[in-house]
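Colleague: Handing you this structure, nothing more for now.
Protein chains in written order, with the working numbering: chain A, 7 to 236; chain B, 10 to 412.
Structure, rendered in structure tokens:
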């Protein structure tokens, strides 16, 4: 028994020795989540901590300042995630995981989400499923494709398209789909990463999907962000 | 709104204040025998809510983590961490560590090989470019021997990308203007310097045709990826395992049709694995044959189109070796000039151009088909290319798509 416990400890220690802990802090002029502002069209600060092991297991936590309906007070979002990723070949790997988003003042918006992904260096495709989008919304499926292309050593083009489909939450005359897109440039300057992106969203009205907003958020926005990873 | 503007101003000011890292000098070839390449297995890329669509091959991604792990590992083994680079195609991070002397490096290598955190460890190998550069040795333009005028009626390399892993290329040379699609410097953080060997090879492959000056490249409408992995020094031009691996990793991401390696050196586990991936990816790899029989990379790597001078001896040829003119080849030189050059480097460069023409005609041709198209099949001596009496290319180039 004691030997087994020691072996388990040794294995855990070995895994920890191989695992990587990394993180980032970021400032954004607007926290756009799938095209909708979660910061009331104003600035936000974010922090992320990630643990990942070479065998594919990973977990992490993310926090962001937010401003949500109905009072738009300063609030905080926390998001925990865990999953497993596995290489398919030199270019591609698949992953599966789950995340749970919670809010410090507005627990009614807390919700879980699961995802599957196919990831390569320049392209990332993921499909997410949330049974209660933002706690009070209908079940939704969100499919997204992200891409990046290096222009030079320091500059790159960024692109994203996403489609959100709700399966319920019937609201007369409102489409079941929302779309969001993002196009921008990223620059690596020293230890900092700068991104300037144009974000657009459209389709069914946000309230039919459960988004924590009662104001009409601008459909299009230009977002500037700077982040530092460690 | 005011808050947003203030944050935006802070963001820009913060970024502008960041000083660029100092520009290191090229690696010392003498230090290679006390340096080790240590590979650490990396976790696969995965979901990160903070990443804001920041995908792509970005060597600075995870740099801090990589350096932190590498520095700790180096310290534990009595080594100094010099550099670190991600090799996502192999799922490893490549760390360069240095010992006090070559004997200590060998001892540390044995220790690191037993460390469970290390995927594998290998010596840092030195490589060299294969040029003699005897000016005006003779005037024997290979273009004439291969009847490029006729060939260019069928193909000029349009739509083909050729990666040239070499020393720096003079991209302002009038015969190379517009021919370089992308360039990267893997030797140091500085801009691409105009160096001799890289500029010569670039011109032979893809110099502008019909511009009234200089030379016509074998594939004048192909585009080059100019990847500096070698550097010019007083003792010649050199590369090492690390700079070459960084360039090959870039090649895997960029996915060109042709890769030219006019260099030679010992077999190297890291480079062999990257080259295997390039071949699996369908990239046609052309390597110059090093006259030194101890040299294994890249010409003796299976699947590589190995090219020697057509006047090379028949002692110990590389299996399936191709022969091409390697003396008196006109080439572009840094500063906007031209010169005649000699060496298997330039024989290989010409074959890279020919392969680009064949890939234009027959995009899916594999290495076997290309070799058959490039040479007379069934010869049991090294295969001769470009001999006027045989003129294999126009005929075989047509035949390649049918094979």
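Even glycine gets a Cβ: it sits at the ideal position worked out from N, Cα and C.
Could you check where the beta strand (DSSP E) with residue 369 of chain B kicks off and where it finishes?
Modeller: Numbered from its first residue, the second chain carries residue 369 of chain B at position 360. Element bounds for residue 369 of chain B: not the beta strand (DSSP E) but the alpha helix (DSSP H), 353-370.
Colleague: Could you give the uninterrupted runs of the beta strand (DSSP E) lying entirely in the segment 53-86 of chain A, keeping only those of 3 residues or more?
Modeller: Qualifying beta strand (DSSP E) stretches, in chain order: 63-73.
Colleague: Let me check one thing: in DSSP terms, what residues is residue 94 of chain B bridge-paired to?
Modeller: Translated into positions along the second chain, residue 94 of chain B becomes position 85. The partner list for residue 94 of chain B (beta bridge, DSSP) reads B:103.
Colleague: Note down, in chain order, all residues in the segment 174-199 of chain B with a beta-carbon under 7 Å from any beta-carbon belonging to chain A.
Modeller: Answer set for the segment 174-199 of chain B: 193.
Colleague: With distances taken from CA atoms, which of B:383, B:294, B:364 is nearest residue 164 of chain B?
Modeller: Residue mapping note: residue 164 of chain B aligns to position 155 of the second chain, counting from 1. Here the closest residue by C-alpha is B:364.
Colleague: Could you list which residues in chain A have their beta carbon closer than 8 Å to that of residue 78 of chain B, in chain order?
Modeller: Here the question's residue 78 of chain B lines up with position 69 in the second chain. Going along chain A in sequence order, the residues near residue 78 of chain B (Cβ under 8 Å) are 26.
Colleague: At a Cβ threshold of 8 Å, is residue 64 of chain A touching chain B?
Modeller: Position 58 of the first chain holds residue 64 of chain A. Residue 64 of chain A counts as touching chain B.
Colleague: Counting only C-beta atoms, is residue 59 of chain B closer than 8 Å to chain A at any point?
Modeller: As a working mapping, residue 59 of chain B is identified with position 50 in the second chain. Cβ-Cβ to chain A under 8 Å: yes for residue 59 of chain B.
Colleague: When the Cα atoms are used, what is the spatial distance from residue 177 of chain B to residue 189 of chain B?
Modeller: Against the second chain, residue 177 of chain B aligns to sequence position 168. Against the second chain, residue 189 of chain B aligns to sequence position 180. Whole-angstrom Cα-Cα distance: 12 Å.
Colleague: For a contact meaning CB atoms closer than 7 Å, what does residue 58 of chain A contact in chain B?
Modeller: Along the first chain, read from residue 1 onward, the residue named residue 58 of chain A stands at position 52. Those are 52, 55, listed as they occur along chain B.
Colleague: For residue 101 of chain A, which residues in chain B fall below 9 Å Cβ to Cβ?
Modeller: Here residue 101 of chain A corresponds to residue number 95 of the first chain, with the count starting at 1. 53, 54, 55, 56, listed in chain order.
Colleague: Out of A:201, A:112, A:118, which one is the CA nearest neighbour of residue 162 of chain A?
Modeller: In the first chain, the residue the question calls residue 162 of chain A occupies position 156. When each option's Cα is compared against that of residue 162 of chain A, the closest is A:201.
Colleague: So, with DSSP's three-state summary, where would you put residue 348 of chain B?
Modeller: For the purposes of this step, residue 348 of chain B is identified with residue 339 of the second chain, where counting begins at 1. The answer is strand: DSSP assigns residue 348 of chain B an E or B state.
Colleague: What separation, rounded to the nearest whole angstrom, lies between the Cα atoms of residue 310 of chain B and residue 295 of chain B?
Modeller: Here residue 310 of chain B corresponds to residue number 301 of the second chain, with the count starting at 1. Here residue 295 of chain B corresponds to residue number 286 of the second chain, with the count starting at 1. In a straight line, the C-alpha of residue 310 of chain B is about 10 Å away from that of residue 295 of chain B.
Colleague: Please classify residue 204 of chain A as buried or exposed, where buried requires at least 16 neighbouring CB atoms within 10 angstroms.
Modeller: Looking up residue 204 of chain A in the first chain gives position 198. So residue 204 of chain A ends up on the exposed side.
Colleague: Answer with yes or no whether the minimum CB distance from residue 218 of chain A to chain B is below 8 Å.
Modeller: Mapped onto the first chain, residue 218 of chain A falls at position 212. It does not; no Cβ of chain B falls within 8 Å.
Colleague: If we call anything under 8 Å between Cβ atoms a contact, is residue 134 of chain B one with residue 274 of chain B?
Modeller: The residue given as residue 134 of chain B occupies position 125 in the second chain. The residue given as residue 274 of chain B occupies position 265 in the second chain. Yes, the pair counts as a contact, with Cβ atoms nearer than the cut-off.
Colleague: For residue 244 of chain B, which of helix, strand or coil comes out of DSSP?
Modeller: The count along the second chain starts at 1 and reaches residue 244 of chain B at position 235. Coil.
Colleague: Indicate whether at least one CB of chain A lies closer than 8 Å to the CB of residue 291 of chain B.
Modeller: Here the question's residue 291 of chain B lines up with position 282 in the second chain. False, the Cβ-Cβ gap to chain A never drops below 8 Å.
Colleague: Once DSSP output is grouped into helix, strand and coil, what is the label at residue 48 of chain B?
Modeller: Mapped onto the second chain, residue 48 of chain B falls at position 39. Residue 48 of chain B: strand per DSSP, three-state reduction.
Colleague: Can you name the start and end residues of the beta strand (DSSP E) that residue 234 of chain A belongs to?
Modeller: Taking the first residue of the first chain as position 1, residue 234 of chain A is located at position 228. First-last of the beta strand (DSSP E) with residue 234 of chain A: 226-235.
Colleague: Please tell me whether residue 142 of chain A and residue 84 of chain A are closer than 8 Å, where the distance is taken between their beta carbons.
Modeller: Counted from its first residue, the first chain places residue 142 of chain A at position 136. Counted from its first residue, the first chain places residue 84 of chain A at position 78. No, the Cβ-Cβ distance between residue 142 of chain A and residue 84 of chain A is not below 8 Å.
Colleague: Mapping the DSSP letters down to three states, classify residue 110 of chain A as helix, strand or coil.
Modeller: Translated into positions along the first chain, residue 110 of chain A becomes position 104. Looking at residue 110 of chain A - three-state DSSP - the assignment turns out to be coil, as it is neither helix nor strand.
Colleague: Residue 379 of chain B and residue 366 of chain B - do their beta-carbons sit closer together than 8 Å?
Modeller: Position 357 of the second chain, counting from 1, holds the residue named residue 366 of chain B. Position 370 of the second chain, counting from 1, holds the residue named residue 379 of chain B. Taking 8 Å as the Cβ cut-off, residue 366 of chain B and residue 379 of chain B do not qualify as a contacting pair.
Colleague: Cβ closer than 7 Å: which chain D residues qualify as neighbours of residue 114 of chain A?
Modeller: Reference to chain D is not applicable here, since the protein chains of this structure are A and B.
Colleague: Residues in the same chain with beta-carbon distance under 7 Å from residue 26 of chain A, minus the five sequence neighbours each way, listed in chain order, please.
Modeller: What you label residue 26 of chain A is simply residue 20 of the first chain in a count that begins at 1. Once the five neighbours on either side are set aside, the close Cβ partners of residue 26 of chain A are 58.
Colleague: Mind listing, in chain order, the continuous beta strand (DSSP E) runs of no fewer than 3 residues lying wholly within the segment 106-171 of chain A?
Modeller: Those beta strand (DSSP E) runs which fall completely within the segment 106-171 of chain A and span 3+ residues are 117-126, 129-136, 146-156.
Colleague: Against chain A, with Cβ distances strictly below 8 Å, would residue 31 of chain B count as a contact?
Modeller: Here the question's residue 31 of chain B lines up with position 22 in the second chain. For residue 31 of chain B, the pLDDT reaches just 43, beneath the cut-off of 50, and the residue's location in the model is therefore unreliable, although a value from the coordinates is still provided. No, residue 31 of chain B does not count as interfacial toward chain A.
Colleague: Could you check where the alpha helix (DSSP H) with residue 377 of chain B kicks off and where it finishes?
Modeller: Reading the second chain from its first residue, position 368 is the one you call residue 377 of chain B. Per DSSP, residue 377 of chain B belongs to the alpha helix (DSSP H) from 376-383.
Colleague: Mind checking if residue 286 of chain B is an interface residue toward chain A, Cβ cutoff 8 Å exclusive?
Modeller: Stepping through the second chain from its first residue, residue 286 of chain B is reached at position 277. Taking Cβ atoms only, chain A reaches closer than 8 Å to residue 286 of chain B, which makes this a yes.
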